[in-house]
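Under full-length UniProt numbering, read the sequence shown as residues 1 to 500, first letter to last.
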Amino acid sequence: MRKIWKEWGWTVLSGLGIIVVGLVIRLINLTILPVFADEAIYIRWSQIMINEPTLRFLPMSDGKQPLFMWVLMFLVNRFSDPLFIGRLVSVISGLGTMIGLFLLTYILFKNKVVSLATTAIWAISPYSVFFDRMALVDSMLTMFGVWSVTFGIITAKTLRLDYAMITGFFLGGALLTKSPAIFFVILLPAALIFAKQKIKVVLLFIVTLVIAFGMYNILRLGPNFHLLTSRTADYVFPISHLWENPKDPFIPYFDRAIEWLRMMGPWPVLALVLFGIVAGLKKLRREILFLFSWWLIPTLIQSEFGKVFTARYELFTLSFLFGIAAAAFLVTNKILKWTTTLVFVLFIIFSGIFNYKLLTNPDSANLPRSEKSGYLEEWTAGQGIREIADYLKNGGRVVVGTEGYFGTLPDGLQMYLANYPEITVIGVGIDIKELPKSLAESKEAGNKTYLVVNKSRLLANPEKLGLTLIAEYPKVPRPIDVREYVTKGPQEFLYFFELK
């Protein structure tokens, strides 16, 4: 025992320190960002699913796998703040990714410094910190991906059936989380490069896939299994796109993927990746190429065939790229060693500055344009929803109409008011030009009646509709050079009206 502690003691203590730092960064001011559209949907689904057993497969009606919501539904009613517990699930997933990355890189490089560095990069990189603090499925997908790869490599090296089965369970978890898990299925055979008996590994991986797809087929118990592919055309171009128009959107999307990494990585991690490739290509070529392929292939495919491409779609690939970045510490040249150390220090400094802004004043953080727009500026951002919910909790029996039928509103308001049956929240549509009939009828019935709508969605004079403004909640101002500035004005507001 003393020998083990002597060999691993400093590594264990260092690893625990890194994990504590990573968790603290993820937990401080966890709800400082307003609820995002998809977060509101997932949390609201989980509330419905725990209260209505016949709707446990509800996310499949929108073509989504339900594992994240299955986990969340057992927790969401145990906390007063549904947004906090929803995001806490992602924080825990981020913790799983940190631990998995340590094990993965140690198996590949047999170097404790590299493993600790990989864990540290994931722990403090603003890219991973940002999404590990959101109630989105991407952090959970990333965790399952890292552990699937880790045990896939262990299976290839040890030829053991139990490890192949464990790989199958992690891969099945990924398939139950989000559709891009198919990349893990496609790339898992790459672990064969570490096997001495390739035929036996192929047989073991068949066991892995049987378990994984057996778990996936649990979804057939739900009534909407066929809908899992119903929205594929909304997000993915057909294969014919490859020869019909291969450059668009491939070039701008791939460029955007690098830009996200430069901004949120932040940029020193790109330098570390280059150093890692240089350091590892001579003696650890298989390991470097293996990790690089797990970043490059999904990124190329998503850039070529994705109709929609945002920073969180790249999250699961970055864990492998960060492993290459940490491999920079394998350099033997003295000058490169000092350079690597300097760049790593710069990475820590830039990450610290970014994370400080993210945790204290997200408006000032250097987020990419698509993220700043979606999470802070437009209708998808939920500034004011929590405050409106707090106001309504003291109002007795009321009816609240909101813009939309699905998304930030009404789901964001419903998730905060789930335990208040006397408050009815209904969606009344988009682009409100006249008083919705349901709200007029509610007022006639003697109910206190309210309307919650974004400025850009209200296309009528509120006074003529009999609406009295109670409060307005500003979102982050739009930059002057974006289309929305011209079409919708310099700033979005969430309006809270009472019908008089």
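In this text, a Cβ means the ideal position worked out from N, Cα and C, and glycines have one as well. Please read all numbers here as calculations on a predicted model, not as lab measurements.
Nearest in C-alpha terms to S128, of all of N355, L227, A389, I28, is N355. Straight-line spacing of the CA atoms in T150 and N111 works out to 15 Å.
In the structure shown, P474 adopts extended strand secondary structure according to DSSP, grouped into three states. Counting C-beta atoms within 10 angstroms of its own C-beta, A460 has fewer than 16 neighbours from the protein chains shown and is therefore classed as exposed. The C-beta separation of L187 from I297 comes to about 6 Å, placing the pair in contact by the 8 Å criterion. Membership of G401 in the beta strand (DSSP E) is indicated by the continuous run 398 to 402.
Where N454 is concerned, the enclosing beta strand (DSSP E) starts and stops at 448 to 454. Cβ neighbours of I154 within its own chain (closer than 6 Å, five residues either side excluded): Y163.
A residue is called buried once 16 or more other Cβ atoms fall within 10 Å of its Cβ, and F406, having fewer, is exposed. Just measuring C-alpha positions, the residue of Y416, E403, I430 sitting nearest L451 is E403.
Beta-bridge analysis with DSSP links I426 to G401. Per DSSP, E7 is one residue of the alpha helix (DSSP H) stretching across 2 to 27.
When the five nearest sequence neighbours on each side are left out, no beta carbon in the same chain lies closer than 8 Å to the beta carbon of V20. Rounded to the nearest angstrom, the gap between the Cα atoms of F79 and K64 is 25 Å. For the pair L141 and I99, the Cα-to-Cα distance works out to about 15 Å.
Per DSSP, Y106 has no beta bridge partner at all.
Assigned with DSSP and collapsed to three states, L465 falls in coil, not helix or strand. One thing to note: L58 has its Cβ within 8 Å of the Cβ of W45. In this structure, the beta-carbon distance from V91 to L23 falls below 8 Å. Here DSSP, grouped into helix, strand and coil, assigns A381 to strand.
Residue T360 holds the alpha-carbon nearest to the alpha-carbon of I25 among L136, T360, S61, L274. Nearest to G152 by C-alpha distance, out of F130, W10, I206, is I206. Under DSSP, the beta-bridge partners assigned to I432 are L458. The alpha-carbon of L289 is positioned some 18 Å away from that of K196. Here R286 has I193 as same chain residues with Cβ atoms under 6 Å from its own Cβ, once five neighbours each way along the sequence are excluded. In the structure shown, the three-state DSSP call for E52 is coil. Each of L469, L175, V476, F316 was checked against the Cα of P362, and the nearest Cα belongs to V476. In the DSSP annotation of this structure, the continuous segment of the alpha helix (DSSP H) that includes L413 starts and ends at 408 to 416. A straight-line Cα-Cα distance of about 25 Å links F496 and I48. Ranked by Cα distance from F309, the first of P180, L104, K3 is P180. Residue environment: L367 is assigned as buried (16 or more neighbouring CB atoms within 10 Å of its CB, all protein chains considered).
Partner residues in the beta bridge of E498, as assigned by DSSP, are Y450, T468. Counting only residues of its own chain and dropping the five nearest sequence neighbours on each side, E484 has a CB closer than 6 Å to the CB of R478. Proximity to G323 across I50, I4, S240, Y106 peaks at Y106, based on C-alpha coordinates. Just measuring C-alpha positions, the residue of M60, V345, P268, M215 sitting nearest I166 is M215. By the beta-carbon neighbour count (other beta carbons within 10 angstroms, threshold 16), A233 is exposed.
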